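Numbering (my numbering), first residue to last: 608 to 1059. Report on the structure given below.
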């Protein structure tokens, strides 16, 4: 694996990079497209908001559950086989969404998409790090970070336009031909540049991981309706995950090399990236719901509110990558976190009288701050790792990030619905996001005391 980048041609490297980034962008945009659509689907399918939010929370949750498997798949099978299998699965999930006639079928379609999306993200990061020389690792991870941040950021905006002009089913109709095109191009052009390794998949670890993650994360959506059941699920899930970690430490070929967390830079900067993702998804979940349900605006308008922020995020991410390579993460992440806190003021004070322009402008600044944190945090997390550890590191990083996103998505929606006033509930949810940003900054300052 260490010699892959030495043997791969520049043209092949470009083809792989373009196909992977396009596939990841579509997958990640699809992840958040449902945010703007939730109020409409809630009414169309005659379900509660808590049930409807499973279309987004369940998607993110399953990504977190399935991602740990990605390291074993990358090592055991040819990279071409894995890529085509992932894209085929996503196409099947999207096709099911096109045909869905009830909420359960629609939810199943989203979960099949998530199954592919979780594997794709780790596969993309591991592959790109493998095919580029080490001195370009920061730039490549920065490019990956741009897609990881911009895809979810632009999703609600694209959804707003689609919902207003075409209807919610086109969230699947339009994605299907794009992913089919990537599948066809991948079949024609995606090369095999890595031979499979003779590793043994520990299926008991797979089962324990899936069971523990499902119980722990699934409990979050049950708390509001049945505290006893939710608490039992959470405790049971955490105990099972503890047993999973213990088992990984004993295996010669673990499903996940959790010992990577002993690397201080990976541990702390992964947490920083997690909390930045919490701030991103938590805010994106609430703004469309609040503006449509309380302000009474259309899906398109709620999408337009998020559009400038998505564009600012992409532009900032493109600039941040080279700045990180030259100056490191210190001033970027500190400045970004402070900007996120200042730009949160309209969110924690939001009301019917809040100007759309004020919300749009401050949200845009918040997204700039998020880009200043997210990409440098991801690059910094991987800088001290050996190349042979990358597949496990990307699986761990993506698992924790997506899990935290699922938690954020669920918590903000549930919290917003607890008070009698949805405005008060939304403010409460946004204060939780602010606390996450404060914690993120505190962890990074702790990291700076001994960076490497």
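The beta carbon of each residue, even a glycine, is placed where N, CA and C say it ideally should be. None of the values given here were measured: they were computed from a predicted structure.
Please give me, in chain order, every unbroken run of the alpha helix (DSSP H) with length at least 4 that falls completely inside the region 817 to 899. 834 to 857
Could you pull the start and end residues of the alpha helix (DSSP H) that residue 800 belongs to? No alpha helix (DSSP H) contains residue 800, which DSSP labels as neither H nor E.
Apart from the five residues on each side of it in sequence, which residues of its chain come closer than 7 Å, Cβ to Cβ, to residue 1041? 948, 951 and 955
Delimiting residues of the alpha helix (DSSP H) encompassing residue 709: Taken as a continuous stretch (DSSP letters only), residue 709 belongs to no alpha helix (DSSP H), as it is neither H nor E.
Which listed residue (867, 768, 674 and 733) has its alpha carbon closest to that of residue 723: 674
For residue 824, is the classification buried or exposed, using 16 other Cβ atoms within 10 angstroms of its Cβ as the cut-off for buried? buried
Would you call the CB atoms of residue 888 and residue 1012 closer than 8 Å? yes
Could you tell me the alpha carbon to alpha carbon distance between residue 965 and residue 957, rounded to whole angstroms? 10 Å
Return the CA-CA distance between residue 601 and residue 910, expressed in angstroms with no decimal places. What the structure shows of the chain is the stretch from 608 to 1059, and residue 601 is not part of that stretch, so it cannot be assessed.
Candidates 1015, 1016 and 1036: which alpha carbon is nearest residue 1023's? 1036
Among 661, 868 and 686, nearest to residue 804 - alpha-carbon criterion: 686
Alpha carbons only, please: which of 1021, 657, 700 and 811 is nearest the one belonging to residue 784? 700
Own chain, CB closer than 6 Å to residue 615, minus 5 neighbours either side, in chain order: 738 and 800
From residue 694 to residue 726, what does the alpha carbon distance come to, in whole angstroms? 10 Å
Within the continuous alpha helix (DSSP H) that includes residue 779, where are the two ends? 777 to 780
Applying the criterion that 16 or more other CB atoms from any shown protein chain within 10 Å of the CB defines a buried residue, is residue 1054 buried or exposed? buried
Given a cut-off of 8 Å on the beta-carbon distance, is the pair residue 916 and residue 760 in contact? yes
Cβ shell of residue 822 (< 6 Å), same chain only, five flanking positions each side left out: 840, 843 and 844
Given a threshold of 16 other Cβ atoms within 10 Å of its Cβ, counted over all protein chains shown, does residue 682 qualify as buried or as exposed? buried
Whole-angstrom distance between residue 756 and residue 920, CA atom to CA atom: 7 Å
Check for me: the alpha helix (DSSP H) holding residue 684 runs from which residue to which? Looking at the DSSP string, residue 684 is not in any alpha helix (DSSP H), and its letter there is neither H nor E.
I need the DSSP call for residue 609, collapsed to helix, strand or coil. Because residue 609 sits at a pLDDT of 47, beneath the cut-off of 50, its placement in the model cannot be relied upon, and the following sentence gives the value as read from the coordinates. Residue state, collapsed to three classes: coil.
Got a sec? Which residues, its chain only, sit under 6 Å from residue 895 by beta carbon, not counting five neighbours each side? 642, 643, 763 and 909
Contact check, residue 637 vs residue 731, beta carbons under 8 Å: no
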